[in-house]
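First comes the structure, then the notes that go with it.
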Ligand code: EPZ
């Protein structure tokens with residue numbers, strides 16, 4: 498079975514280049530079908546979630562050109578107003594952005610309910626509430642599809658009951674070509690919300706206030722083609738920052754927007770890491786054992802839930818007792834059972850994890866429960882003594898481009914293997930590297 502084999506114990510060191518933001522790219526690729534002209538999107542990460550949404554766009558008639566690994570040219574002129582449904586669409590979360598995009602373009606959409614990581618209930622009531630406020634009739638219809646339809650979409654004043662990234666983005670897309678003005682209150686402020694708004698504005702939309710909790714949209718007649726480059730991935734960058742810290746390494750993370758990482762650098766500093774920022778890079782140095790801290794996940798600019806497993810690993814190795822409160826998703830501590838196999842001491846009570854830091858981890862066989870938790874378990878394996886095998890890596894490949902390759906360039910012993918023979922070869926190569 499395909500898995501990662503890891504030999505831990507090497508502090509990560511060197512430089513790593515961050516890819517484009519997966520969650521911004523999913524929204525922007527979906528929005529690209531709204532124009533009847535070609536759109537060129539650069540800095541798209543090469544990960545499986547992206548391939549899934551591109552496949553869905555092609556299935557409904559979108560012309561997709563892929564001139565290089567990180568660039569897509571999409572022409573929405575031939576996109577058909579037809580149901581969006583296939584296995585890949587049902588597996589990923591970001592496919593729900595095609596509801597807002599197609600509703601905005603055709604006043605009608607029928608899209609399979611999304612999947613995504615099993616980290617909680619993940620309702621989409623706020624998305625549907627927003628579509629209804631714009632004048633759409635919305636129903637859940639067999640076989641597990643969202644159907645939304647309107648004679649005319651009309652701007653509205655929408656107050657979100659919870660801060661939702663997905664609902665904010667979906668409502669922006671559905672309202673950019675609606676008649677009149679839309680105001681979204683209590684909007685999500687994440688960097689990818691801002692990136693989506695900037696992208697749509699570059700296509701002629703009139704969106705103001707993205708990045709604050711009130712977003713104002715003046716409906717326009719139509720959108721035109723554009724060229725756009727996706728922002729760097731805040732969570733991929735954070736994952737390498739925390740991997741550097743957990744392995745007591747020295748890593749410079751390049752192609753980042755340091756402002757997006759402030760919630761992470763603040764926590765790393767509290768634990769004793771040294772952080773140096775420049776215009777588009779952050780260097781993380783951890784020379785001694787880190788110390789405990791407490792953290793609560795919150796919408797941006799708070800500490801991201803997508804970094805909660807990674808900080809869980811770090812604090813499991815830090816001196817003293819730390820408390821993590823997960824306030825966004827109710828089922829995001831599954832990784833702590835896997836971490837316990839390595840010797841971590843974590844007690845989960847409801848949405849709180851109480852962590853007694855241990856001196857070190859020992860390698861173990863683990864299963865990635867979801868995307869971010871999977872990446873965090875790899876980090877733990879890199880910090881452990883001995884060998885670990887990590888299974889269910891398809892989760893990790895949904896969101897991390899070249900994960901083993903980038904880690905190897907930082908001195909990690911990690912390989913993706915499929916057979917016992919491949920594993921034996923990988924382990925031999927680790928040992929040769931260490932001796933050499
Ligand atoms: C997005 O999910 C991301 N996914 C997630 O990243 C991320 O964890 C999450 O935002 C929070 O930052 C994508 O962008 C594709 P939400 P989303 O709507 O949009 C509740 C990753 O690893 N809620 O902001 O599904 C919800 O239950 C993934 O890359 C409602 O109650 O998250 C949660 O408690 C995992 N009703 C909170 O809001 C709704 O209609 C925030 O969810 C919508 C959400």
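Residue numbers (the numbering used here): 498 to 933.
Backbone N, C-alpha and C define an ideal beta-carbon position, used for all residues, glycine too.
What are the start and end residues of the beta strand (DSSP E) that includes residue i?
{"i": "residue 654", "result": "654-656"}
{"i": "residue 541", "result": "Where residue 541 is concerned, there is no enclosing beta strand (DSSP E), given that its DSSP letter is neither H nor E."}
{"i": "residue 645", "result": "642-646"}
{"i": "residue 818", "result": "818-822"}
{"i": "residue 593", "result": "That residue, residue 593, is in no beta strand (DSSP E); it is neither H nor E in DSSP."}
{"i": "residue 605", "result": "605-609"}
{"i": "residue 637", "result": "634-638"}
{"i": "residue 620", "result": "No beta strand (DSSP E) contains residue 620, which DSSP labels as neither H nor E."}
{"i": "residue 560", "result": "560-565"}
{"i": "residue 839", "result": "Neither: residue 839 is in no beta strand (DSSP E) and is coded neither H nor E."}
{"i": "residue 853", "result": "849-853"}
{"i": "residue 445", "result": "The question about residue 445 has no answer, for the chain in this structure spans 498 to 933."}
{"i": "residue 675", "result": "Segment: none, residue 675 is in no beta strand (DSSP E) and carries neither H nor E."}
{"i": "residue 705", "result": "703-705"}
{"i": "residue 754", "result": "That residue, residue 754, is in no beta strand (DSSP E); it is neither H nor E in DSSP."}
{"i": "residue 774", "result": "771-774"}
{"i": "residue 780", "result": "778-782"}
{"i": "residue 725", "result": "723-726"}
{"i": "residue 568", "result": "568-572"}
{"i": "residue 793", "result": "791-793"}
{"i": "residue 910", "result": "910-914"}
{"i": "residue 864", "result": "862-864"}
Contact check, residue i vs residue j under 8 Å by CB: the rounded distance?
{"i": "residue 633", "j": "residue 650", "result": "7 Å"}
{"i": "residue 652", "j": "residue 676", "result": "6 Å"}
{"i": "residue 500", "j": "residue 890", "result": "6 Å"}
{"i": "residue 526", "j": "residue 569", "result": "7 Å"}
{"i": "residue 782", "j": "residue 774", "result": "Residue 782 to residue 774, Cβ: 12 Å. No contact."}
{"i": "residue 879", "j": "residue 505", "result": "5 Å"}
{"i": "residue 764", "j": "residue 792", "result": "6 Å"}
{"i": "residue 670", "j": "residue 778", "result": "That pair is no contact at about 33 Å."}
{"i": "residue 849", "j": "residue 822", "result": "5 Å"}
{"i": "residue 666", "j": "residue 826", "result": "Wrong, their Cβ atoms sit about 18 Å apart, outside the cutoff."}
{"i": "residue 522", "j": "residue 542", "result": "6 Å"}
{"i": "residue 567", "j": "residue 540", "result": "6 Å"}
Rank the options by C-alpha distance to the C-alpha of residue i and give the top, closest one.
{"i": "residue 737", "options": "728, 751 and 724", "result": "751"}
{"i": "residue 839", "options": "827, 857, 852 and 757", "result": "857"}
{"i": "residue 903", "options": "505, 514 and 503", "result": "514"}
{"i": "residue 640", "options": "714, 906, 587 and 885", "result": "587"}
{"i": "residue 449", "options": "608, 660 and 619", "result": "Nothing about residue 449 can be read from this structure; the chain reaches only from 498 to 933."}
{"i": "residue 832", "options": "547, 824 and 844", "result": "844"}
{"i": "residue 757", "options": "780, 874 and 798", "result": "798"}
{"i": "residue 654", "options": "630, 666, 664 and 643", "result": "630"}
{"i": "residue 739", "options": "728, 538 and 780", "result": "780"}
{"i": "residue 883", "options": "924, 687, 620 and 520", "result": "924"}
{"i": "residue 795", "options": "788, 605 and 662", "result": "662"}
{"i": "residue 708", "options": "719, 695 and 686", "result": "686"}
{"i": "residue 846", "options": "760, 829 and 888", "result": "829"}
{"i": "residue 718", "options": "678, 755 and 565", "result": "678"}
{"i": "residue 900", "options": "538, 786, 521 and 545", "result": "545"}
{"i": "residue 754", "options": "621, 776 and 656", "result": "776"}
{"i": "residue 516", "options": "860, 746, 727 and 906", "result": "727"}
{"i": "residue 596", "options": "575, 624 and 589", "result": "624"}
{"i": "residue 874", "options": "835, 910, 638 and 908", "result": "835"}
Which residue comes first and which comes last in the alpha helix (DSSP H) that contains residue i?
{"i": "residue 581", "result": "That residue, residue 581, is in no alpha helix (DSSP H); it is neither H nor E in DSSP."}
{"i": "residue 902", "result": "900-906"}
{"i": "residue 502", "result": "No alpha helix (DSSP H) contains residue 502, which is instead part of the beta strand (DSSP E) from 500-504."}
{"i": "residue 695", "result": "688-699"}
{"i": "residue 747", "result": "No alpha helix (DSSP H) holds residue 747; the beta strand (DSSP E) holding it covers 747-751."}
{"i": "residue 525", "result": "519-529"}
{"i": "residue 650", "result": "Segment: none, residue 650 is in no alpha helix (DSSP H) and carries neither H nor E."}
{"i": "residue 665", "result": "662-672"}
{"i": "residue 869", "result": "868-880"}
{"i": "residue 806", "result": "805-813"}
{"i": "residue 760", "result": "759-768"}
{"i": "residue 511", "result": "It is not in any alpha helix (DSSP H) - residue 511 instead sits in the beta strand (DSSP E) that spans 510-514."}
{"i": "residue 733", "result": "731-743"}
{"i": "residue 894", "result": "891-894"}
Say yes only if the C-beta of residue i is nearer than 7 Å to one or more non-hydrogen atoms of ligand 3, and no if none qualify.
{"i": "residue 757", "result": "Judged by which ligands are present, ligand 3 is missing from the structure shown, whose ligands are ligand 1."}
| task | Could you say if the region 567-585 and the region 544-556 meet the contact criterion of at least three C-beta pairs nearer than 8 Å? | result | Cβ pair count under 8 Å is three or more, so yes.
| query | For the region 720-739 against the region 806-822, are there 3 or more C-beta pairs whose distance is under 8 Å? | reply | When C-beta atoms of the region 720-739 are compared with those of the region 806-822, three or more pairs fall below 8 Å, so the two segments count as touching.
| Segment contact, 8 Å Cβ cut-off, at least three pairs: the region 633-647 with the region 681-700 | These segments do not touch.
| Three or more C-beta pairs closer than 8 Å, one from the region 527-537 and one from the region 499-513: is that the case here? | The answer is no - the region 499-513 does not touch the region 527-537, with fewer than three Cβ pairs under 8 Å.
| query | Hey, is the region 809-825 in contact with the region 852-868, meaning 3+ C-beta pairs nearer than 8 Å? | reply | By the Cβ test, the region 809-825 is in contact with the region 852-868, since at least three Cβ pairs between them sit closer than 8 Å.
| Okay, do the region 861-871 and the region 902-917 touch, 3+ Cβ pairs below 8 Å being the bar? | Verdict: no, contact absent.
| query | Just checking, does the region 711-724 make contact with the region 690-703 on the three C-beta pairs under 8 Å criterion? | reply | With the cut-off at 8 Å, the region 711-724 and the region 690-703 touch.
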